[in-house]
Amino acid sequence: MRTAARLLALILAACLCWAAPAQPSGAPTGAGPAKSLQADLPVSRPFRMGFTPFPYDLSIQAVEDTYAFIDENADLICFHHDGGVPWPEALAGTNEYHPNLIQTIETEREQIRPGQAVYVATTCQSTQRAGELALYWGSDTNLPMPPGWENRTLDDPEVIVAFTNWCRYLIDRLEPDYFAYAIEANAGFSGLDDPELAQLLTLAQSVYVTLKFEYPDLPIFLTVQSSSTEATREDLLDVTSELLVLSDWVAVSQYPYMVLRYWGWDVYGDPDEIPADLLSSIVELAPEKPFAISETGYIAEDLLVPEPLIIAPGTPAWQAEYVDDLLHEIRGYDAEFVVWFITRDYDDLLDTMKLLGAEIDPIFYIWRDIGLLDGDGAARPALTRWRRWLDLPLVP
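Throughout the sequence shown, residue numbering follows the numbering used here, covering 6 to 401 in sequence.
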């Protein structure tokens, strides 16, 4: 998900520190499931179930509500750092970062609850998911590159040292159970002959081998998208296969109400219409490796993005069906975890941004309505489905 990670950093900086959590919210009310709950629910689940703490508004209350919802409705939390890298500070290797950055990481650390698994993701790539470096994280996320870093490539030796040090810092401070050193790493490449892919592979070879040596018991992997606009399906699978050599797991990101294809996309409402091999074709590239859904979601309302023009139908019933279909499918893969990216629709966040005069990238609307809570905080039928699985015994 090409998130507006800067918004989360702004929220955490504004909140400064964590207050006592609000009462857990989100018990399903009123709406009821769209169709009868499946009778073939298994007796256990092999995977953990989690969310990111992406809040629905720029307020302390929204942050508190989000963490409370996760405490009540998940056994995993995902800290998803897609807002840049503190490049020159990380190169120095002294862990002397801007106070705002340190506050963000320490705030996350304070929210980890006993018994809650922790998944941390970061990336060296920009949101284009190709050879361009992630932007700079200093006093804020996604800042312009500092002097001397503007034209560097992923295979630059100092870039590799800096990014390795940054990964070490996140691992040492947050002590994750799972760590991703690249997010949707395959999404921006045209094929195996893409010269920028060679640059990423050079970095990945160094970072992966180093981190595996230093943290041998920690699952270390990169995540991949299940579809892309930059390559044919065959080329995407070839690129993905090459990257998975440098990954402990097969970890997949997908939002399949939009399935990307070369220079375009197909939209789906009814989950029954999603290509049957969307996930399986990725899993089959490395069937011996553990599998996870690194991030996902499904719209519960109609989607309209003006530029580029994207129109997709969505209903609460289809969202609930997707939850069930996905969890049944990944149980068959003996998945390790699944992350639903957004807990609650962020209509309030967009309204606040408009009031503040902030520029809103139209792409940001793509994920607005994937929450298991709607924009008013009411539970959708999908939450009932999610809770039924969460209530099953965890048997890895």
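A virtual CB, placed ideally from N, CA and C, is assigned to each residue, including glycine.
The structure displayed is predicted, hence computed values, not measured ones.
If you check the beta carbons only, do residue i and residue j fall under 8 Å apart?
i, j, result
"GLY88", "ALA135", "no"
"TYR262", "TYR273", "yes"
"VAL90", "ALA139", "yes"
"GLN210", "THR158", "no"
"LEU249", "LEU290", "yes"
"THR127", "TRP92", "no"
"TYR183", "LEU216", "no"
"VAL344", "ILE298", "yes"
"PRO276", "VAL264", "no"
"LEU197", "ASP243", "yes"
"LEU175", "ALA122", "no"
"TYR220", "LEU251", "no"
Going by C-alpha to C-alpha distance, which of the options sits closest to residue i?
i, options, result
"THR320", "ALA297, PRO292, PRO386 and GLU163", "PRO386"
"ALA322", "LEU388, GLU293, PRO292 and TYR370", "LEU388"
"TYR390", "TYR303, LEU331 and ALA325", "The sequence as given places Arg at residue 390; Tyr does not occur at that position. The shortest Cα separation from ARG390 among TYR303, LEU331 and ALA325 belongs to ALA325."
"PRO119", "GLU180, SER258 and LEU46", "GLU180"
"PRO367", "GLU312, GLU137 and PRO398", "GLU312"
"ALA383", "PRO104, SER299, ALA305 and ALA297", "ALA305"
"PHE369", "TYR141, ASP307 and LEU355", "LEU355"
"LEU378", "PRO47, TYR183, THR71 and LEU63", "THR71"
"GLY3", "LEU251, GLU300, GLN121 and VAL229", "Not covered by the structure: residue 3. The range shown for the chain is 6 to 401."
"ILE225", "LEU206, VAL214, ASP253 and ALA363", "ASP253"
"THR228", "PRO221, MET358 and SER246", "SER246"
"HIS86", "LEU361, LEU106 and VAL166", "LEU106"
"TRP372", "THR146, PHE59, LEU148 and TRP142", "PHE59"
"LEU46", "ILE117, ASP329 and GLN230", "ASP329"
"ARG393", "LEU332, LYS294 and PRO318", "LEU332"
"ARG178", "VAL125, SER195 and GLN230", "VAL125"
"LEU206", "LEU397, ASP160 and LEU148", "ASP160"
"GLU137", "GLY143, SER144 and CYS129", "CYS129"
List the endpoints of the continuous alpha helix (DSSP H) containing residue i.
i, result
"THR320", "Note, THR320: premise wrong, no alpha helix (DSSP H); not H, not E."
"TYR183", "Per DSSP, TYR183 belongs to no alpha helix (DSSP H); it is in the beta strand (DSSP E), 183 to 187."
"TRP154", "No alpha helix (DSSP H) contains TRP154, which DSSP labels as neither H nor E."
"LEU395", "386 to 395"
"ARG178", "162 to 179"
"TRP372", "Careful: TRP372 lies outside any alpha helix (DSSP H) and carries neither H nor E."
"LEU354", "352 to 360"
"PRO93", "92 to 97"
From what residue to what residue does the beta strand (DSSP E) around residue i run?
i, result
"GLU113", "Counting along the chain, GLU113 falls outside any beta strand (DSSP E), though it belongs to the alpha helix (DSSP H) covering 104 to 116."
"PHE74", "Element bounds for PHE74: not the beta strand (DSSP E) but the alpha helix (DSSP H), 65 to 78."
"SER258", "255 to 259"
"CYS83", "81 to 86"
"LEU308", "308 to 310"
"MET54", "53 to 56"
"TYR124", "122 to 127"
**Study point:** Segments of 3+ residues assigned as beta strand (DSSP E) that fall wholly inside the region 209 to 241
**Key:** 225 to 230
Exercise for review: Determine, using beta-carbon pairs with one atom in the region 44 to 60 and one in the region 319 to 338, whether at least three such pairs fall under 8 Å.
Suggested key: Contact holds: three or more Cβ-Cβ distances are below 8 Å.
Review point. Is the number of C-beta pairs between the region 75 to 84 and the region 350 to 361 that are closer than 8 Å three or more?
Key: no
Exercise for review: Spell out a yes or no on whether the region 154 to 164 and the region 103 to 115 are touching, meaning 3 or more CB-CB pairs, one atom from each, closer than 8 Å.
Suggested key: no
Check your understanding: Quick one: complete beta strand (DSSP E) runs, 3+ long, within the region 264 to 345?
Key -> 269 to 272, 296 to 301, 308 to 310, 315 to 317 and 342 to 345
Practice item. Could you tell me whether the region 184 to 192 touches the region 94 to 103, using the rule of 3 or more Cβ pairs below 8 Å? Key: no
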